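Peer 1: Residue numbering for the sequence shown follows the numbering used here, starting at 17 and increasing by one per position.
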Amino acid sequence: MKRTVLILFTLLIRITCFGQVINSTIERDIIHSDILNDDSEISVYLPPSYSATNQNFPVLYILDGDYNFFYVSGLLELQSSISENIPEMILIGISGKGSETYRTNCKPNIDTIKGKGNADQYADFIETELVPFVNTKYRTSNYKLLAGHSAGGLFIMNTVLQKPNAFNAYIAISPSLWWEKNVMNDVAIQTFKSNPNFSSNVYVSLANEKGMGVDKFLEVVKDNNISDSVFKFKHFPDENHNSVGLPTYLWALKDIFIPWKGEKEYFEKTSELKDYHTNMLKAYGSAFNIQNSLLMYTIYVLREDAAELEKMQAEIKQLYPEAVAKFDNFWVQRLISMDKNAEAEALLQKSIKEHPDFFDSYNTLSKLKLKNKEFKIAEGLINKGIELAITQKARQWQLNELLETKEKIEAAD
Numbered sequence: 017m018k019r020t021v022l023i024l025f026t027l028l029i030r031i032t033c034f035g036q037v038i039n040s041t042i043e044r045d046i047i048h049s050d051i052l053n054d055d056s057e058i059s060v061y062l063p064p065s066y067s068a069t070n071q072n073f074p075v076l077y078i079l080d081g082d083y084n085f086f087y088v089s090g091l092l093e094l095q096s097s098i099s100e101n102i103p104e105m106i107l108i109g110i111s112g113k114g115s116e117t118y119r120t121n122c123k124p125n126i127d128t129i130k131g132k133g134n135a136d137q138y139a140d141f142i143e144t145e146l147v148p149f150v151n152t153k154y155r156t157s158n159y160k161l162l163a164g165h166s167a168g169g170l171f172i173m174n175t176v177l178q179k180p181n182a183f184n185a186y187i188a189i190s191p192s193l194w195w196e197k198n199v200m201n202d203v204a205i206q207t208f209k210s211n212p213n214f215s216s217n218v219y220v221s222l223a224n225e226k227g228m229g230v231d232k233f234l235e236v237v238k239d240n241n242i243s244d245s246v247f248k249f250k251h252f253p254d255e256n257h258n259s260v261g262l263p264t265y266l267w268a269l270k271d272i273f274i275p276w277k278g279e280k281e282y283f284e285k286t287s288e289l290k291d292y293h294t295n296m297l298k299a300y301g302s303a304f305n306i307q308n309s310l311l312m313y314t315i316y317v318l319r320e321d322a323a324e325l326e327k328m329q330a331e332i333k334q335l336y337p338e339a340v341a342k343f344d345n346f347w348v349q350r351l352i353s354m355d356k357n358a359e360a361e362a363l364l365q366k367s368i369k370e371h372p373d374f375f376d377s378y379n380t381l382s383k384l385k386l387k388n389k390e391f392k393i394a395e396g397l398i399n400k401g402i403e404l405a406i407t408q409k410a411r412q413w414q415l416n417e418l419l420e421t422k423e424k425i426e427a428a429d
């Protein structure tokens with residue numbers, strides 16, 4: 017039996033009708049594990065688009081989640097929705113429940129070792145109980161990653177050898193491979209001998225430290241002719257053991273999602289969009305979200321070719337239905353910049369009818385109405401946009417854009 021507890025803290029402060037609004041949500045879940053015969057807590061980060069779309073997202077699971085959750089979630093926010101170097105994803109921080117319990121769960125189960133731990137059972141819990149729980153509760157894609165630091169990195173390396181393909185990628189940050197006199201080297205040798213075609217996708221890092229056992233482990237990998245594409249290594253000589261986590265995540269995630277980032281900044285033909293989508297399916301089994309910058313630059317390049325833009329719009333409806341409203345809004349903004357306001361409004365009205373929950377469209381249309389001095393209509397539109405943004409738990413900076421428009425309307429009326 018699984019018991020789920022959702023603790024939802026929502027702070028909503030309003031000054032005037034739609035004044036300064038702060039919407040802060042922290043989710044905490046508890047899952048009972050039959051394997052561990054214990055409860056396990058998780059922290060959950062949902063990306064900005066989660067409540068505004070119906071798309072599915074890749075998932076990053078991290079060990080010692082209470083310790084690492086906030087800096088990793090901040091990194092994901094910056095590198096995905098803001099910088100668009102990686103796709104938006106869900107973050108699951110698995111609580112360590114204190115140092116002693118955490119270390120026990122991270123230490124491998126090796127019968128000859130007196131201080132052996134519970135890593136095999138803990139890996140089974142994550143794979144067969146936690147992942148299905150998360151998949152049921154949240155909109156997840158099939159692409160998932162598992163990461164750990166120090167003792168958590170040791171757990172990652174043990175899991176890689178036991179379950180090399182349970183996750184699509186693993187990240188071992190400065191792993192404690194010195195444990196029990198580098199015994200993981202022996203485990204690796206046995207694994208590679210029994211499986212000469214061993215394959216996985218592992219990112220391993222090391223800070224400015226000695227005695228971690230990483231170099232010796234990588235020698236074992238090389239001696240057994242394991243491909244460099246299986247264990248990717250990066251040394252961070254300017255980082256210490258505690259600071260190496262952030263640059264490791266940045267390096268690993270950027271590398272993992274190179275195909276998603278792509279080489280092109282825009283599409284000139286629908287065939288290029290189709291090829292991009294096909295490459296995403298091959299690389300990840302899912303297309304994820306498409307970058308805003310790709311949409312904007314495509315519209316800019318094709319701005320004088322309405323027929324080609326219509327073809328592109330139709331293809332996006334087929335391949336990326338959650339991105340159509342964004343595409344329309346970017347197209348409208350380009351038309352406005354070209355002084356084609358009537359054409360822009362017609363497109364926007366049609367888009368709002370087809371996608372009534374996209375709050376940015378109401379902001380754009382309210383600005384057009386303000387320009388035409390249709391103040392009451394503009395006010396109604398921006399109020400609708402603000403209501404949608406709050407309901408969809410938009411980030412404060414997104415909400416500020418709508419609030420700014422509302423202030424301009426009130427000042428002009």
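By construction, the Cβ of each residue, glycine as well, lies at the ideal position given by its N, Cα and C atoms.
Only a predicted model underlies this, so the values are computations on that prediction, with no experimental measurement involved.
Given a threshold of 16 other Cβ atoms within 10 Å of its Cβ, counted over all protein chains shown, does Gly301 qualify as buried or as exposed?
Peer 2: Locating residue 301 in the sequence shown gives position 285, counting from the first residue. By the 10 Å Cβ count, Gly301 comes out exposed.
Peer 1: In the DSSP assignment, find the beta strand (DSSP E) that holds Ser166 and state where it starts and stops.
Peer 2: For the purposes of this step, residue 166 is identified with residue 150 of the sequence shown, where counting begins at 1. Counting along the chain, Ser166 falls outside any beta strand (DSSP E), and DSSP gives it neither H nor E.
Peer 1: Considering only the beta carbon of each residue, do Ile58 and Ile108 sit closer than 7 Å?
Peer 2: Walking along the sequence shown from the start, residue 58 turns up at place 42. Walking along the sequence shown from the start, residue 108 turns up at place 92. In contact: Ile58 and Ile108 (Cβ atoms closer than 7 Å).
Peer 1: Using C-beta distances below 6 Å, list every residue in its chain close to Ala223, excluding the 5 sequence neighbours before and after it, in chain order.
Peer 2: One-based indexing of the sequence shown puts residue 223 at position 207. Ser190, Phe252, Glu255, Asn256, His257, Val260.
Peer 1: So Lys232 packs on Asn201, CB below 8 Å; how close in whole Å?
Peer 2: The count along the sequence shown starts at 1 and reaches residue 232 at position 216. The count along the sequence shown starts at 1 and reaches residue 201 at position 185. Correct: roughly 6 Å between the Cβ atoms.
Peer 1: Using 7 Å as the threshold, is the C-beta distance between Ser49 and Glu116 below it?
Peer 2: Taking the sequence shown and counting its residues from 1, the one referred to as residue 49 is at position 33. Taking the sequence shown and counting its residues from 1, the one referred to as residue 116 is at position 100. Taking 7 Å as the Cβ cut-off, Ser49 and Glu116 do not qualify as a contacting pair.
Peer 1: Where do the ends of the alpha helix (DSSP H) carrying Tyr292 lie?
Peer 2: Residue 292 sits at position 276 when you count from the first residue of the sequence shown. That run of the alpha helix (DSSP H) goes 286-300.
Peer 1: Figure out for me which residue from Ser221, Trp195, Gly227, Ser245 has the closest Cα to the Cα of Phe214.
Peer 2: Working through the sequence shown from its first residue, we reach residue 214 at position 198. Selected option, being the one with the closest Cα: Ser245.
Peer 1: Exposed or buried, what is Phe86 when buried is set at 16 or more other beta-carbons lying within 10 Å of its beta-carbon?
Peer 2: Reading the sequence shown from its first residue, position 70 is the one you call residue 86. Answer is exposed; the Cβ neighbour count stays below 16.
Peer 1: Check whether the Cβ of Leu266 lies closer than 7 Å to any Cβ atom in chain C.
Peer 2: Absent from the structure is chain C; it holds one protein chain and no more.
Peer 1: If Tyr265 sits next to Val88, beta carbons under 8 Å apart, how far is it from one beta carbon to the other, in whole angstroms?
Peer 2: The residue you call residue 265 lines up with position 249 of the sequence shown. The residue you call residue 88 lines up with position 72 of the sequence shown. With 8 Å as the limit, Tyr265 and Val88 qualify as a contact, their Cβ atoms being about 6 Å apart.
Peer 1: Indicate whether Asn53 and Pro124 have their beta-carbon atoms separated by less than 7 Å.
Peer 2: Sequence index remark: in the sequence shown, residue 53 carries index 37 (1-based). Sequence index remark: in the sequence shown, residue 124 carries index 108 (1-based). No.
Peer 1: In the DSSP assignment, what are the bridge partners of Asp45?
Peer 2: For this step, residue 45 is matched to residue 29 along the sequence shown. For Asp45, which the question treats as bridged, DSSP gives the partners Ile58.
Peer 1: Just to check my reading of the structure: Thr120 and Asn101 have Cβ atoms closer than 8 Å, yes? What is that Cβ distance to the nearest angstrom?
Peer 2: If you number the sequence shown from 1, residue 120 lands on position 104. If you number the sequence shown from 1, residue 101 lands on position 85. That belief does not hold up - the Cβ atoms of Thr120 and Asn101 are roughly 36 Å apart, past 8 Å.
Peer 1: Mapping the DSSP letters down to three states, classify Ala204 as helix, strand or coil.
Peer 2: Locating residue 204 in the sequence shown gives position 188, where the first residue counts as 1. Helix, per DSSP.
Peer 1: Using the rule of at least 16 other Cβ atoms within 10 Å of the residue's Cβ for burial, across every protein chain shown, is Met354 buried or exposed?
Peer 2: Walking along the sequence shown from the start, residue 354 turns up at place 338. Classification for Met354: exposed.
Peer 1: Run the CB neighbour count on Glu196, radius 10 Å, all protein chains shown included, and call it buried at 16 or more, exposed below.
Peer 2: Here residue 196 refers to the residue found at position 180 of the sequence shown. Counting Cβ neighbours within 10 Å, Glu196 comes out buried, since at least 16 surround it.
Peer 1: Helix, strand or coil for Glu426? Go by DSSP, reduced to three states.
Peer 2: For the purposes of this step, residue 426 is taken as residue 410 along the sequence shown, with counting starting at 1. It is helical.
Peer 1: May I ask you to report which of helix, strand or coil DSSP gives Glu361?
Peer 2: Numbered from 1 along the sequence shown, position 345 holds the residue referred to as residue 361. Glu361 falls in the helix class under three-state DSSP.
Peer 1: Among Asn308, Asp239, Lys113, which residue has its Cα nearest to the Cα of Asp477?
Peer 2: Residue coverage of the chain in this structure runs from 17 to 429, which leaves residue 477 outside it and unanswerable.
Peer 1: In chain order, which continuous runs of the alpha helix (DSSP H) of length 4 or greater are located wholly inside the stretch 151-197?
Peer 2: The stretch 151-197 contains these whole alpha helix (DSSP H) runs: 167-178.
Peer 1: Comparing C-alpha positions only, which one of Ile187, Phe343, Lys356 sits nearest to Leu269?
Peer 2: By one-based count along the sequence shown, residue 269 stands at place 253. Nearest C-alpha to Leu269: Ile187.
Peer 1: Can you tell me the Cβ-Cβ gap for Thr286 and Lys327, rounded? I've got them flagged as a contact below 8 Å.
Peer 2: Sequence index remark: in the sequence shown, residue 286 carries index 270 (1-based). Sequence index remark: in the sequence shown, residue 327 carries index 311 (1-based). Between Lys327 and Thr286 the Cβ distance is about 5 Å, and since that is below 8 Å, they are a contact.
Peer 1: According to DSSP, Gly109 sits in a beta bridge with which residue or residues?
Peer 2: Start at 1 with the first residue of the sequence shown, and residue 109 comes out as number 93. Note: Gly109 sits in a beta bridge opposite Ser59, Ile78.
Peer 1: Of the residues Ala410, Lys409, Lys400, which one's Cα is nearest the Cα of Lys422?
Peer 2: As a first step, residue 422 must be located in the sequence shown, where it is residue number 406. The residue with the shortest Cα to Cα distance from Lys422 is Lys400.
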